[in-house]
Amino acid sequence: MAEINQRRVEQQLRNFERALQAYGHDEPLSRFLTRFFKENRQMGSADRRMTSRYCYNYFRLGEAVKAISLQEKLVIAEFLCEQASDLVALHQPDWLAAITAPLAEKIAFLQDQGIAVKDAIFPFQQHLSPDVRTEDFVLNHLIQPDLFIRVQQQATEQVEAELQRAAISFSSIGKAGYRLPNGSKLQELKGIAGLYEVQDQSSQQSLDMAQLQPGQSWWDACAASGGKSLLLLEKESAVRLLVSDIRLSILRNLDERFQVAKVKAAYRKKVLDLTEDVDHIMQGERFDGIILDAPCSGSGTWSRTPEMIKQFSEAKIAEFSDLQKRIAKQVSAYLKPKGQLIYITCSVFQEENEAVVAFLEASCGLKVETQQLIAGYNRKSDSMFAARLRKI
Ligand SMILES: C[S@@+](CC[C@H](N)C(=O)[O-])C[C@H]1O[C@@H](n2cnc3c(N)ncnc32)[C@H](O)[C@@H]1O
Numbered sequence: 406m407a408e409i410n411q412r413r414v415e416q417q418l419r420n421f422e423r424a425l426q427a428y429g430h431d432e433p434l435s436r437f438l439t440r441f442f443k444e445n446r447q448m449g450s451a452d453r454r455m456t457s458r459y460c461y462n463y464f465r466l467g468e469a470v471k472a473i474s475l476q477e478k479l480v481i482a483e484f485l486c487e488q489a490s491d492l493v494a495l496h497q498p499d500w501l502a503a504i505t506a507p508l509a510e511k512i513a514f515l516q517d518q519g520i521a522v523k524d525a526i527f528p529f530q531q532h533l534s535p536d537v538r539t540e541d542f543v544l545n546h547l548i549q550p551d552l553f554i555r556v557q558q559q560a561t562e563q564v565e566a567e568l569q570r571a572a573i574s575f576s577s578i579g580k581a582g583y584r585l586p587n588g589s590k591l592q593e594l595k596g597i598a599g600l601y602e603v604q605d606q607s608s609q610q611s612l613d614m615a616q617l618q619p620g621q622s623w624w625d626a627c628a629a630s631g632g633k634s635l636l637l638l639e640k641e642s643a644v645r646l647l648v649s650d651i652r653l654s655i656l657r658n659l660d661e662r663f664q665v666a667k668v669k670a671a672y673r674k675k676v677l678d679l680t681e682d683v684d685h686i687m688q689g690e691r692f693d694g695i696i697l698d699a700p701c702s703g704s705g706t707w708s709r710t711p712e713m714i715k716q717f718s719e720a721k722i723a724e725f726s727d728l729q730k731r732i733a734k735q736v737s738a739y740l741k742p743k744g745q746l747i748y749i750t751c752s753v754f755q756e757e758n759e760a761v762v763a764f765l766e767a768s769c770g771l772k773v774e775t776q777q778l779i780a781g782y783n784r785k786s787d788s789m790f791a792a793r794l795r796k797i
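Once you know that position 74 of the sequence shown is 479 in the numbering used here, the rest is easy, because the numbers rise by one and skip nothing.
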């Protein structure tokens, strides 16, 4: 083993502590770190990489092992999340023999040292949807997911060639989806801009259950910057599409994204708050299909953004569930008879998923045809939930 530079490790630890102190928990960690590194130009690329790794690993530990120092906590996080670590080698050299073991064994190893982490990594386990395999889900929280792209069907060869040229490794995940290492610098590949969308593997599957026909009218009711709308149009370009969101600014992003992707289909756009009565704006319009990709906790994506766990409180689950029921009830009124509602979340909580679907069936004149947890935790992707309901 190469000799460890103790001073360097100590410097890395100080960088991490400084970054953590400066982080206000009011923005995604990735955005904060980009700014932090800009403001600390003396940090070289190796320092930046290490600060980022320490911060993410630290947050991956969730609420586990509270009553110990930051450094001790980071050593545990490094031991769990990495296969080699100078920090562990310096502070817990006896642990090194177990650092390459499977995660379940590492957790058992810590347990033997009196360090219990398993139940605290993800503190909301009792809310998980029944189809989530709790142990797998929790352990995979310690692993950074991959990056996924969805490529326009006719452009797969061009995109593959460009990835090869840039020496970015990739593997195919079905028709036009690809798995890439996290952190791949796709934005530098200007020649293929617009030919692909960054979209998680589970998100790419979220409309598989939609039954699409040319000529149908669809409403993407919480469209944001259009991830699901683009997926819908890639599957069936001859639909009439209405997109809406509560935020005008994000619909402007949708316009830009559609432009870059050279979307030819005409679409209409409305700013709608779906907790309010929108009847006067909708003017009697009815749809063959509605996508409701509802505002949610995002808990199925927290292995990408582990800092979210600290900011979340259990009470918010019920708040999201209430909001989702309210919005879902409202939009379901705009379905034609036999029209379909595709209800989607990137949450793993039962209250945001199965409970909302059960409410729609019990109170909104819809029948559940299929519902599915799209489990990403065993394949380094996000977890989502999707259901197709039919208006009776
Ligand atoms: C999960 S995101 C949608 C993501 C998007 N479908 C995509 O694939 O990129 C949920 C969206 O719901 C919107 N939203 C939140 N509250 C809303 C409300 N009361 N009425 C309408 N939209 C709302 C948010 O602005 C957010 O863009």
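Using N, Cα and C, we set each Cβ at its ideal position, and we do this for glycine too.
In the assembly as shown, G582 is a buried residue. Its beta-carbon has 16 or more other beta-carbons within 10 Å.
For E681, the secondary structure class from DSSP, reduced to helix, strand or coil, is coil.
Residue pairing for Y672: DSSP places it in a beta bridge opposite L646. For S622, there is no enclosing alpha helix (DSSP H); the residue is found in the beta strand (DSSP E) stretching over 622-625. By the criterion of a C-beta distance shorter than 7 Å, I597 is surrounded in its chain by Q563, V564, E567, once the five residues flanking it on both sides are discounted. Contact annotation, I409 with A494: C-beta distance approximately 6 Å; criterion of less than 8 Å satisfied. When distances are taken from the beta-carbon of S630 to the heavy atoms of ligand 1, the shortest one is below 8 Å. Under the three-state reduction of DSSP output, A792 falls in the strand class. Taking a contact as a CB-CB distance under 8 Å, the pair L637 and L677 does not count as one, their CB atoms being some 18 Å apart. Within the DSSP bridge table, the entry for T775 names R793 as partners. Boundaries of the alpha helix (DSSP H) around E415: 411-427. A check of alpha carbon separations from N445 across C460, A427, V480 identifies A427 as the nearest.
W624 sits close to Y739, with the two beta carbons spaced by under 9 Å. The beta carbon of S642 sits closer than 6 Å to the beta carbons of A670 from its chain, once the five residues preceding and following it are set aside; these are given in chain order. Taking I797 as the centre and dropping the five residues before and after it, the same chain places the C-beta of P742, G770, L771, K772 closer than 8 Å to its C-beta, in chain order. Counting the other CB atoms within 10 Å of its CB gives Q518 a total below 16, which places it among the exposed residues. Collapsing the DSSP output to three states places Q557 in coil. For L533, the secondary structure class from DSSP, reduced to helix, strand or coil, is strand. A straight line joining the alpha-carbon of C627 with that of E477 spans about 43 Å. Apart from the 5 residues on each side of it in sequence, S634 sits with its Cβ closer than 6 Å to the Cβ of D625, A628, V648 in its chain, given in chain order.
In the three-state reduction of the DSSP assignment, L617 falls in the coil class.
Of Y601, R570, F575, the smallest CA-CA separation from A560 is found for Y601. Residue environment for G744: buried (at least 16 other C-beta atoms within 10 angstroms of its C-beta). DSSP, read as helix, strand or coil, puts I747 in strand.
Not a single heavy atom of ligand 1 lies less than 8 Å from the C-beta of L418. For P700, the distance from the CB to the nearest heavy atom of ligand 1 is below 8 Å. Distances from the alpha-carbon of C701 to those of R784, D536, V537, F790 put F790 closest. For S589 against I578, the beta-carbon gap comes to about 15 Å, at or over 8 Å, which does not count as contact.
In this structure, D605 places its C-beta atom within 9 Å of the C-beta atom of P550. If the five residues before and after Q610 are omitted, its C-beta is found closer than 7 Å to the C-beta atoms of I779, all from its own chain and listed in chain order. Apart from the 5 residues on each side of it in sequence, F764 sits with its Cβ closer than 6 Å to the Cβ of K730 in its chain, given in chain order. No Cβ-Cβ contact shorter than 9 Å links S768 with K721.
Rounded to whole angstroms, A451 and C460 show a C-alpha spacing of 14 Å. When only Cα atoms are considered, P619 and Y672 end up about 14 Å apart.
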